[in-house]
Each structure stands twice: as C-alpha cells, then as structure tokens.
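The structure under discussion appears below in the form of structure tokens.
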Amino acid sequence: MSTAHDLSAGDRGFLDRLAARAVREYGYGDDVELTLLNVSENATFLVQDAATGARTVLRVHRRGYHGEPQIASELAWLDALRDEAGLRTPRVVPAAGGRRIVDLEPGAEPRHAVMFEWLPGAEPPDHDLVTGFGTLGALTARMHEHSRTWRRPAGFDRFAWDYDGAFGRVARWGRWQDGIAVGPAERAVLGRLDEVLRSRLAAFGRATDRYGLVHADLRLANLLVHGSETFVIDFDDCGWGWLLYDLGAALSFIEDDPRVPALVDAWVAGYRTVRPLAAADEAEIPTFVLMRRLLLVAWIGSHAGTDLARSMGAAYTAGSCELAETYLSTYGRG
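What the sequence shown shows, in UniProt numbering, is residues 1 to 334, in sequence order.
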C-alpha cells in the first residue's frame, strides 16, 4: 500500500472539484456551499444547503488507504457503538439509492466519499485538560468494553496497528527513517527506540484484555462537547491494536508537555470507572506513548505537504529523540 499522500490543501481546485462531484450524488445542486475543514488522511468539507441552511460533513478519502469493505466496517462499528453502547457517534447520511459509500473514481484504486450528519459542539478546552482526559478515559473504556463482546458483521475488515503495521513490513504511515530532519544521529537514537518497542510489545502480548478493536486516534480533538452531550468522531484509523495505544494517541503532539503525568492519571482514573486496568498494563503506558510518537515522526515525513506536518517539522523530530533517550534510560535496560 502506498503512503504517498494524494490529497493536499495546496491543491484547492482539485479538492473542490472532488467535493462538488461527490455532493451531486447526494442530490445537491450547484448552489451548495462547500467549506474545506481539514486535510489529513482525507479531505473533510462542511456542506451547507444554500436554500435551507442544513449542514452535513463530507469526507473525501485518499486513494489506497481504505477499500470499500474497510470503510463499510468502520461505519458498522459507528452504528454499533451508538445503538448498543450508547455512545454518540455521527450518523451516516445516505446518497441516492441508499448508498452509504459513494464511489467517486472507479478503477484499480477507487476513491470513495462518505457523508455524515453535522454535530454541534467544540473540542474540550485546553485550560481544563485534566477533566477532558478523565472524560476521554471513560469513553475509551466504554468503546473497549463494547468491542470485546461485539458480534462483528460478516466480512468485517480493518487493518492492524501492531508492530508490523506501524514500523515493520507494512509501515502504514511510512518509515520513521524518512521523517523530517532524521539524520545519522537521530536515526541511531530512534533506531534503538524501535528495537526496544518491538521487544516490549512482543513481551506484552495480545491477550484479549490487552489487544482488540481500537479507535486509534482518540484525542480530545476528536471529541465534540455540546452542553451535556459528548460526541466521538473520526474513526478513519480504527482497527486492531493494543488497547493502551488509544492512550498513546490521546497524547499526540503533546507527549513532552509537563502536564502529561497528570493527564495520564486522569485518563487511567476515568478508564477504571468503566473497566479494569491491571497495574502491569498501567506500568507499560510509556511504551505506547513512545510508539505513537515514533509513528508520528513517520506520518510527518510522509505527509509533508499538510499544514500540520509543516508546523511540526524538524522540531518534532528533535523532541522525539529527547523523549526516546529518557524512555530508553528506563525501559531500554537489559
């Protein structure tokens, strides 16, 4: 699977044409208002009906990241979490003929689009991250508890965030060795980290209380709070992985923030209000924080055209090396 990124905010005309083609499948005319919200793995648009003001959200998929069966599996879990676990996830808005997935560009690597209901609310505020992480931990535990017993539909297919999918043969987000400003010194430090992560993840194992279906990007940025309601969004990366990887993902881009110990404590406390977390598992949390950090070094390198990657750049690699040295001083012994 290619990691080359074919959706870039810099090519607005291309993105706008894709979105305009997609919304016609949903019955919109030329007067529809399209606003680009975000470009990451996919391009996300706010869709507003000029006549009624009604809003929805359109996700235009990049090529080669998910096929239609994988997208259908994501949507099935969204439905199940809402209907069976009581989590508020976005509903899928069907296109003409009831299609939940629109095929925009047929071929060997087709491009797809999905439309979701627009949800109100905003990301939890930065000034109260500890409270937000407590909420996040409890929501994550509810999702893990649901996935543990969920009877998945026939043909359910999602990729894995195991070592191979992260850093090995698959390297789903690219090679960390190709990250921005990864020179010989950085390669040496991060290579040691890679080896220790592989060893510790293998020793940690894949027992069902440690490994299962995870959101894999469950950050506060993917929560929307509106009054007493909290919505969970953006399941595009969901797949098989270690449950504690969801905590590593929650700390994305802030792994070196001095508040991290308090945020981890809040997440763990929230998690334990719903399901157990063994002390041995809690002790391994730094491994999953560094796993995610190394993955993000790879992601920044393979998504260099995105605004987020450009904003992080070489400084993120340098900070990753510092975090790796600290981690290795404790977890790399022996």
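Built from N, CA and C at the ideal position, the CB exists for glycine as well.
Asked	Found
Between the beta-carbon of Y65 and the beta-carbon of E41, is there less than 7 angstroms?	yes
Tell me the DSSP secondary structure of L75 in three-state form.	helix
Let's test the definition: count the other Cβ atoms within 10 Å of the Cβ of E186 and tell me whether it reaches 16, buried, or not, exposed.	buried
Would you decide whether S27 is buried or exposed? Buried here means 16 or more other CB atoms lie within 10 Å of its CB.	Note that residue 27 is Gly in the sequence shown, not Ser. Burial call: exposed.
Go through the stretch 106-168 residue by residue and report every complete run of the beta strand (DSSP E) that reaches 3 residues or more, in order.	111-117
Does DSSP put D103 in a helix, a strand or coil?	strand
Looking at the structure shown, is R259 part of a helix, part of a strand, or coil, going by DSSP?	coil
Taking only runs of the alpha helix (DSSP H) that begin and end inside the stretch 6-53, which ones reach a length of at least 4 residues, in chain order?	12-24
Tell me which residues share the same chain as A318 and place their Cβ nearer than 6 angstroms to its Cβ, disregarding the 5 neighbours each side in the sequence.	none
Which of helix, strand or coil does DSSP assign to L58?	strand
Could you tell me whether the stretch 189-207 touches the stretch 118-132, where touching means 3 or more Cβ pairs closer than 8 angstroms?	no
May I ask which residues mark the beginning and end of the alpha helix (DSSP H) holding G301?	I285 to S302
Applying the criterion that 16 or more other CB atoms from any shown protein chain within 10 Å of the CB defines a buried residue, is S147 buried or exposed?	buried
Could you give the residue range of the beta strand (DSSP E) that holds V232?	E229 to V232
Quick check on DSSP: helix, strand or coil for Y65?	coil
Indicate the three-state DSSP secondary structure (helix, strand or coil) for R206 in the structure shown.	coil
Taking residue 414 as part of the beta strand (DSSP E), name the residues at either end of that continuous run.	Because the chain spans 1 through 334 in this model, residue 414 falls outside it and cannot be assessed.
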